[in-house]
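Asker: Structure below; questions to follow.
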Amino acid sequence: MSLTQATATFIGRMLTALFKLILWLSLLAILIFSVPPIRQTVLPYIDQTISQITHLRQYHQLLQQDLPTENSLPNPLPSRHLTDTWGAARSGGRKHEGIDIFAPRGTPIHATTHGIVRKVGIDRLGGNVVSIIGPGGAGHYYAHLEEYGDIREGDWVEQGDIIGYVGDSGNAKGTPTHVHYGIYIQGKAVNPYPLLIKSS
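To convert, count from 1 in the sequence shown and add 1; that's our numbering.
Right, here's the structure in full:
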């Protein structure tokens, strides 16, 4: 058999295999989408896989972006006064790892950055909390919420989206209502005050 004949035979076999693969995939798609029990079983797994791939891509993109810099982030409570409460003494010999921004109960709290919602839930000290992974992998932590915004873990949020409402949950119960805002870079708390834009 000559080289030309061998090549033609190989190409013919590859085309036949490709045709069979397309035929089988088409039949599988017809089966999945036309038989309800199969569709109901398989589609959630397909959706979950696509969602996981999307989250990995978004997370990778966030890691490539710059960390927040001085005066680069908006106030999570627009128009409310900012005070640097970083490092103030707390119960149990702790130091305050964030700043408290005071406002009436139910005041909307806005995301200071775009990113992926890492947590919407309860923790011992913070009460109702929301945590968002932002550019550079920085964690943005909002605590003592009265209630959450319309968000779930894994959601993508944009800067300015409402992520919750001011309250006094957790160890802030009975204190003036506020949001505790913290930023964590490589797992270490940093003072958010210099990073926030101060209103004139």
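Backbone N, C-alpha and C define an ideal beta-carbon position, used for all residues, glycine too.
None of the values given here were measured: they were computed from a predicted structure.
Counting Cβ pairs, one atom from each stretch, are 3 or more of them under 8 angstroms apart for the region 93-108 and the region 133-140?
Answerer: The region 93-108 vs the region 133-140: no contact.
Asker: Going by DSSP in three states, L68 sits in which element: helix, strand or coil?
Answerer: As a position in the sequence shown, residue 68 is number 67, starting the count at 1. Here L68 sits in coil by DSSP.
Asker: Return the chain-ordered list of same chain residues with a C-beta closer than 7 angstroms to the C-beta of G122, the five sequence neighbours on each side being excluded.
Answerer: The count along the sequence shown starts at 1 and reaches residue 122 at position 121. So the list reads V130, once near-sequence residues are dropped.
Asker: Can you tell which of Q59, I12, E98, T10 has the C-alpha that lies nearest to the C-alpha of G155?
Answerer: Counting from 1 along the sequence shown, the entry for residue 155 is found at position 154. Per the Cα distances, Q59.
Asker: Does the beta-carbon of I31 have 16 or more other beta-carbons within 10 angstroms, so that it is buried, or is it exposed?
Answerer: Position 30 of the sequence shown, counting from 1, holds the residue named residue 31. I31 is exposed by the Cβ-count criterion.
Asker: Starting from the Cα of Y182, find the closest Cα among K174, G171, N192, T176 and give me that residue.
Answerer: Looking up residue 182 in the sequence shown gives position 181. Measuring from the Cα of Y182, the nearest candidate turns out to be N192.
Asker: Sort T84, S27, G137, K96 by Cα distance to V180 and report the nearest one.
Answerer: Walking along the sequence shown from the start, residue 180 turns up at place 179. Ranking T84, S27, G137, K96 by Cα distance to V180 puts T84 first.
Asker: First and last residue of the beta strand (DSSP E) that includes G94?
Answerer: As a first step, residue 94 must be located in the sequence shown, where it is residue number 93. No beta strand (DSSP E) contains G94, which DSSP labels as neither H nor E.
Asker: Note down, in chain order, each residue of its chain lying with its Cβ closer than 8 angstroms to the Cβ of G137, except the 5 sequence neighbours on either side.
Answerer: Numbered from 1 along the sequence shown, position 136 holds the residue referred to as residue 137. Excluding sequence neighbours, G137 sits near L63, L64, Q66, D67, L68, P69, I186.
Asker: Using CA atoms only, rank isn't needed, just tell me which of P79, G88, K120 is closest to T108.
Answerer: Mapped onto the sequence shown, residue 108 falls at position 107. With distances taken between Cα atoms, T108 lies closest to P79.
Asker: Just to confirm, are P110 and I23 a CB contact at a threshold of 8 angstroms?
Answerer: Sequence index remark: in the sequence shown, residue 110 carries index 109 (1-based). Sequence index remark: in the sequence shown, residue 23 carries index 22 (1-based). This sequence places Ile at residue 110; Pro is not what is there. No; because the gap between Cβ atoms is not below 8 angstroms, this pair is not in contact.
Asker: Note down, in chain order, each residue of its chain lying with its Cβ closer than 6 angstroms to the Cβ of R119, except the 5 sequence neighbours on either side.
Answerer: The sequence position of residue 119 within the sequence shown is 118, counting from 1. S132, I134, listed in sequence order.
Asker: Should P77 be labelled buried (16 or more other beta-carbon atoms within 10 Å of its own) or exposed?
Answerer: The count along the sequence shown starts at 1 and reaches residue 77 at position 76. Buried, by the Cβ-count rule.
Asker: Considering A144, what are the terminal residues of the beta strand (DSSP E) in which it resides?
Answerer: Position 143 of the sequence shown, counted from the start, is the residue given in the question as residue 144. From DSSP, the beta strand (DSSP E) with A144 extends over 140-149.
Asker: Confirm, please, whether the CB-CB distance from T114 to H141 is below 8 angstroms.
Answerer: Walking along the sequence shown from the start, residue 141 turns up at place 140. Walking along the sequence shown from the start, residue 114 turns up at place 113. Yes. Within cutoff.
Asker: If you follow the beta strand (DSSP E) that Y185 is in, where does it begin and where does it stop?
Answerer: Your numbering for residue 185 matches position 184 in the sequence shown. Looking at the DSSP string, the run of the beta strand (DSSP E) that includes Y185 is 179-186.
Asker: If we call anything under 8 angstroms between Cβ atoms a contact, is G188 one with G127?
Answerer: Translated into positions along the sequence shown, residue 188 becomes position 187. Translated into positions along the sequence shown, residue 127 becomes position 126. No, Cβ-Cβ distance for G188 and G127 is not below 8 angstroms.
Asker: Using CA coordinates, which residue listed in I51, I54, N72 is at the minimum distance from S200?
Answerer: Counting from one through the sequence shown, the residue named residue 200 turns up at place 199. Comparing Cα-Cα distances from S200 to each of I51, I54, N72, the minimum goes to N72.
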